[in-house]
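Residue numbers (this note's numbering), protein chains in the order written: chain A, 4 to 104; chain B, -17 to 455.
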């Protein structure tokens, strides 16, 4: 069986949805962060697949930017989680319920 | 002379980096750093005004466009940032650690917004948008020892990261189908071939990402929590700067590569629906709110709905209405936020009852704040009325009568909660009668803002002539 563009798109779409579901349903902040990374990397996979099958180099260049930006986001995000651990003593999303009507 | 085009952003980033180094090496007082940031922004404002908007030129192989609209939005963002810096100066005593960096990160976010107003390429859009967003993650969670601020930071981070994943995914599909990330190339590809569902899918994902940024219903859930938990200057920056940044991108995309009738036939009904939902939900959900920042968040969702209605309307008229509305929103909202900052120095709570009897404690704060709120509500002598009026005219002339009706209903609902705050400030008894000291300079800033609310409300010719010049080049 030949692996074509569609296979890659389905795989990346599945990963993207898995990441989104994880963000909605998981209760641990670290896992939520991993799901965010999963979504971004699914998007990267789409970019690389399109780049490979349409012979445009732009997609691969885009991936480098995405990786860099994701690293910056994770740096800030982990700093935030550490600050929350210091105050709350855990990384559960349920402990974040101060702001409401 | 292409090199001169990118100088505003370049200079701002350079200045911010140098300030960061200087702060690390010789540790100047935050007060001085705030003064210098203010001076840098004012200087930059004058510099950008002097640049010629007519040179329709591009930088970096076409991904950075300099035109009249870019100039308008760059000035808009610099002005917002000037007022935000003023608000930070007022509340400096509330920041616990790293006071100087607060100013510097604000400068970086401003540079990102200025880049966004010139975006002509999806990769560039992503990077510039992330410059703004990552700066905001830090700013929102700045009060590290307060759980509210941290909670807001985490919520904003998760929502922001989800939206950037959507943006990359959408860009990937657009790239895959059209073969380029540049707006002109996408435009060309769309016009030369028939409509493909992949394009709509990619556009939908990109639009979802931008809707998160401008907090349009159903992508608004983060806004009330984040606005409430963030430090007050950051709330102001989010409400005005970040929202306008999202709208400049929507304008660039939807009046640029996706303006063709075939694609527009799909996005106009979708945006019309979201505009109605945002106006109604934003304005009605604001009514029961008792926290002023939270109330302003919901009203901001309503304002986003009005702006979307402008985008849905006829091409040039709708665009012009959006620009005018953004100007009026900038002036009115920043007046309210600066008045809140001037008051917030002495108080801890953003609860509306905390503002009871403010007129007797400090008329210098109460009068501008009341004017700003009345203007946000859109009552005639104030500038906010002009904004709402132009949007309504544009909507009516493009025959979107349902949006018009929803707009009128939500504007009336808006009167109720805005005037509720004014009533609390003027006709409720204060808990203490301690007068609030505000500095002479702050009085000047508040005076300038509130007089521009009134003067531009009566005589709005300058506003219209600025916006007209953008479209008649």
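Cβ coordinates follow ideal geometry from the N, Cα and C atoms, glycine included.
Starting from the N-terminal side, write out each stretch of the beta strand (DSSP E) that is 3 residues or longer and does not extend beyond the stretch 93 to 149 of chain B. none
Does any residue of chain A bring its CB to less than 8 Å from the CB of residue 134 of chain B? Position 152 of the second chain, counted from the first residue, corresponds to residue 134 of chain B. Judged by the 8 Å Cβ criterion, residue 134 of chain B is in contact with chain A.
What does the alpha-carbon distance come out to for the pair residue 282 of chain B and residue 398 of chain B? Here the question's residue 282 of chain B lines up with position 300 in the second chain. Here the question's residue 398 of chain B lines up with position 416 in the second chain. For residue 282 of chain B and residue 398 of chain B, the distance between alpha carbons rounds to 15 Å.
As a quick exercise: from A/5, A/32, A/61, pick the residue whose alpha carbon is nearest that of residue 156 of chain B. Counting from one through the second chain, the residue named residue 156 of chain B turns up at place 174. Among A/5, A/32, A/61, the Cα nearest to that of residue 156 of chain B is on A/61.
Determine the chain B residues that contact residue 86 of chain A at a beta-carbon separation under 9 Å, and present them in chain order. Locating residue 86 of chain A in the first chain gives position 83, where the first residue counts as 1. Here the neighbours are 123, 126, 127, 132, 135.
Using a Cβ-Cβ distance under 8 Å, would residue 102 of chain A count as near chain B? On the first chain, position 99 is the one that residue 102 of chain A refers to. Chain B, which has a Cβ nearer than 8 Å to the Cβ of residue 102 of chain A, makes this yes.
Inspect the beta-carbon positions of residue 132 of chain B and residue 123 of chain B and report whether they are closer than 8 Å. Along the second chain, read from residue 1 onward, the residue named residue 132 of chain B stands at position 150. Along the second chain, read from residue 1 onward, the residue named residue 123 of chain B stands at position 141. In this structure, residue 123 of chain B lies closer than 8 Å to residue 132 of chain B by Cβ.
Which value, in whole angstroms, describes the spacing of the CA atoms of residue 310 of chain B and residue 303 of chain B? The residue you call residue 310 of chain B lines up with position 328 of the second chain. The residue you call residue 303 of chain B lines up with position 321 of the second chain. Taking the straight line from one Cα to the other gives about 11 Å.
One question on the structure: do residue 172 of chain B and residue 160 of chain B come within less than 8 Å of each other, judged by their Cβ atoms? Position 190 of the second chain, counted from the start, is the residue given in the question as residue 172 of chain B. Position 178 of the second chain, counted from the start, is the residue given in the question as residue 160 of chain B. Against a cut-off of 8 Å, the Cβ pair of residue 160 of chain B and residue 172 of chain B comes out as a contact.
For residue 368 of chain B versus residue 306 of chain B, is the C-beta spacing smaller than 8 Å? By one-based count along the second chain, residue 368 of chain B stands at place 386. By one-based count along the second chain, residue 306 of chain B stands at place 324. It is a contact, given that the beta carbons lie within the stated cut-off.
If you count every other CB in all the chains shown that lies within 10 Å of the CB of residue 48 of chain B, and 16 or more means buried, which is it? Taking the first residue of the second chain as 1, we reach residue 48 of chain B at position 66. When all chains shown are included, residue 48 of chain B counts as buried.
Compare the C-beta of residue 162 of chain B against all C-beta atoms of chain A and say whether one is closer than 8 Å. Counted from its first residue, the second chain places residue 162 of chain B at position 180. Chain A contact via Cβ: present.
When you compare each of B/101, B/347, B/276, B/1 to residue 431 of chain B by their alpha carbons, which one comes out closest? Start at 1 with the first residue of the second chain, and residue 431 of chain B comes out as number 449. The shortest C-alpha separation from residue 431 of chain B is found at B/347.
Give the interface partners of residue 64 of chain A over in chain B, defined as CB-CB distance under 8 Å, in chain order. In the first chain, residue 64 of chain A corresponds to position 61, counting from 1. Going along chain B in sequence order, the residues near residue 64 of chain A (Cβ under 8 Å) are 105.
Can you pull the chain A residues whose beta carbon is under 9 Å from the beta carbon of residue 153 of chain B, in chain order? As a working mapping, residue 153 of chain B is identified with position 171 in the second chain. Per Cβ cutoff of 9 Å: 46, 50, 65.
When we look at the beta-carbon of residue 99 of chain B and count the other beta-carbons within 10 Å, is it buried (16 or more) or exposed? Indexing the second chain from 1 puts residue 99 of chain B at position 117. Buried, by the Cβ-count rule.
What separation, rounded to the nearest whole angstrom, lies between the Cα atoms of residue 22 of chain A and residue 29 of chain A? Residue numbering aside, residue 22 of chain A sits at position 19 when the first chain is read from its first letter. Residue numbering aside, residue 29 of chain A sits at position 26 when the first chain is read from its first letter. Straight-line Cα distance between these residues: approximately 10 Å.
Among B/141, B/174, B/224, which residue has its Cα nearest to the Cα of residue 201 of chain B? Residue mapping note: residue 201 of chain B aligns to position 219 of the second chain, counting from 1. Considering only alpha carbons, the answer is B/141.
Got a sec? Which residues, its chain only, sit under 8 Å from residue 84 of chain A by beta carbon, not counting five neighbours each side? Counting from one through the first chain, the residue named residue 84 of chain A turns up at place 81. Counting only Cβ-Cβ distances below 8 Å, and skipping sequence neighbours, we find 32, 33, 36, 94.
Using the beta-carbon of each residue, which ones in chain A are nearer than 8 Å to residue 210 of chain B? On the second chain, residue 210 of chain B is found 228 positions in, with the first residue counted as 1. What residue 210 of chain B touches in chain A: 102.
Could you please give me the residues that DSSP links to residue 273 of chain B through a beta bridge? On the second chain, position 291 is the one that residue 273 of chain B refers to. For residue 273 of chain B, which the question treats as bridged, DSSP gives the partners B/333.
How is the alpha helix (DSSP H) around residue 71 of chain A delimited, first residue to last? The sequence position of residue 71 of chain A within the first chain is 68, counting from 1. From DSSP, the alpha helix (DSSP H) with residue 71 of chain A extends over 61 to 91.
Does the pairing of the stretch 68 to 85 of chain A with the stretch 36 to 50 of chain A give three or more beta-carbon distances under 8 Å? yes
Taking just the CA atoms, how far does residue 40 of chain A sit from residue 253 of chain B? The residue labelled residue 253 of chain B in the question sits at position 271 within the second chain. The residue labelled residue 40 of chain A in the question sits at position 37 within the first chain. Their backbone Cα atoms lie some 29 Å apart in a straight line.
Which residues, in order along the stretch 27 to 60 of chain B, keep a beta-carbon less than 9 Å from a beta-carbon of chain A? none
Less than 8 Å between the beta carbons of residue 260 of chain B and residue 284 of chain B, yes or no? Here the question's residue 260 of chain B lines up with position 278 in the second chain. Here the question's residue 284 of chain B lines up with position 302 in the second chain. Contact flag set, yes.
Go to residue 48 of chain B, then tell me how far its beta strand (DSSP E) extends in each direction, as first and last residue. On the second chain, residue 48 of chain B is found 66 positions in, with the first residue counted as 1. 46 to 48 is the extent of the beta strand (DSSP E) around residue 48 of chain B.
Residue from B/7, B/215, B/245 with nearest C-alpha to residue 180 of chain B: Reading the second chain from its first residue, position 198 is the one you call residue 180 of chain B. Residue B/245 is the option with its Cα nearest to residue 180 of chain B.
Partners in chain B for residue 97 of chain A, counting only beta-carbon separations shorter than 8 Å: In the first chain, residue 97 of chain A corresponds to position 94, counting from 1. Under the 8 Å cutoff, chain B gives no residues; its nearest Cβ is about 12 Å from residue 97 of chain A.
Compare the C-beta of residue 75 of chain A with all C-beta atoms of chain B and state if any pair is closer than 8 Å. Within the first chain, numbered from 1, the residue matching residue 75 of chain A stands at position 72. Interface residue, yes.
Using the beta-carbon of each residue, which ones in chain A are nearer than 8 Å to residue 90 of chain B? Walking along the second chain from the start, residue 90 of chain B turns up at place 108. Neighbours of residue 90 of chain B on chain A: none; closest Cβ ~12 Å, over 8 Å.
Cβ of residue 313 of chain B within 8 Å of Cβ of residue 403 of chain B? Locating residue 313 of chain B in the second chain gives position 331, where the first residue counts as 1. Locating residue 403 of chain B in the second chain gives position 421, where the first residue counts as 1. Not in contact: residue 313 of chain B and residue 403 of chain B (Cβ atoms no closer than 8 Å).
Just curious, the beta strand (DSSP E) that residue 39 of chain B is in, first and last residue? Counted from its first residue, the second chain places residue 39 of chain B at position 57. Taken as a continuous stretch (DSSP letters only), the beta strand (DSSP E) holding residue 39 of chain B covers 39 to 41.
Quick check: what's the CA-CA separation for residue -17 of chain B versus residue -10 of chain B? For the purposes of this step, residue -17 of chain B is taken as the residue at position 1 of the second chain. For the purposes of this step, residue -10 of chain B is taken as the residue at position 8 of the second chain. Confidence at residue -17 of chain B is low in this model, with a pLDDT of 46, below 50, so its placement is unreliable and no value can be given for it.
Residue of B/232, B/134, B/-2, B/212 minimising C-alpha distance to residue 98 of chain A: The sequence position of residue 98 of chain A within the first chain is 95, counting from 1. It is B/134 whose Cα lies nearest to the Cα of residue 98 of chain A.
If you count every other CB in all the chains shown that lies within 10 Å of the CB of residue 382 of chain B, and 16 or more means buried, which is it? Position 400 of the second chain, counted from the first residue, corresponds to residue 382 of chain B. Under this definition residue 382 of chain B is a buried residue.
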